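According to our numbering, the stretch in the sequence shown is residues 2 to 96, in order.
Worksheet: the structure to be examined is printed underneath.
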Amino acid sequence: MAILLPEQFYSLAAGVGKSFYENLAGGINAAVTVNNTSAFPVDLVITRVNAPVVTYTIPAANSLTLSVERLLVAALLASAAGPVFGTIQIATSDF
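Printed below as a string of structure tokens:
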């Protein structure tokens, strides 16, 4: 069964990070969509079960959608360049 979590708005000051999804019960398959509507890049930090932490940089005024197996944590991190804002949405599935 798939679950579409509510869209979340983010506004992070320069150099600040925040977790937007955590599954500490063993991970779950998910799709993560980040829309960066700010003038500075934002980093999407993905932590998965038995895998290295991966960071994706989303440039200003761009978006990214990822399909992730065994997702534990999805977080956003603003660079030191400046504040960022936009939306993040996560859809999970237990297939």
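Heads up, the beta-carbon is just placed ideally off N, CA and C, and yes, glycines get one too.
Note that the structure is a prediction, hence the values are computed from the model and not measured.
Proximity below 7 Å, CB of residue i to CB of residue j
{"i": "Thr108", "j": "Ala31", "result": "Outside the shown range of the chain, which is 2 to 96, sits residue 108, and nothing can be said about it."}
{"i": "Gly87", "j": "Thr38", "result": "yes"}
{"i": "Leu25", "j": "Val35", "result": "no"}
{"i": "Ala76", "j": "Val85", "result": "no"}
Sequence-distant residues of the same chain with beta carbon closer than 6 Å to residue i, five excluded per side
{"i": "Glu70", "result": "Asn30"}
{"i": "Leu6", "result": "Ile91"}
{"i": "Ser64", "result": "Asn36"}
Residues sharing a beta bridge with residue i, DSSP
{"i": "Phe86", "result": "Ser12"}
{"i": "Asn36", "result": "Ser64 and Thr88"}
{"i": "Leu6", "result": "Paired residue(s): none; Leu6 is not in a bridge."}
{"i": "Val55", "result": "Ile47"}
{"i": "Ser94", "result": "Ala3 and Asn30"}
Residue i, buried or exposed, once every other Cβ within 10 Å from all chains shown has been counted against 16
{"i": "Tyr11", "result": "buried"}
{"i": "Val50", "result": "exposed"}
{"i": "Thr66", "result": "exposed"}
{"i": "Val33", "result": "buried"}
{"i": "Thr56", "result": "exposed"}
{"i": "Thr58", "result": "exposed"}
{"i": "Ile4", "result": "exposed"}
Cβ neighbours of residue i in the same chain (closer than 8 Å, five flanking residues each side left out)
{"i": "Pro60", "result": "Asn37 and Pro42"}
7 Å CB neighbourhood of residue i in its chain, flanking five on each side removed
{"i": "Glu8", "result": "Thr88 and Gln90"}
{"i": "Val17", "result": "Ala79"}
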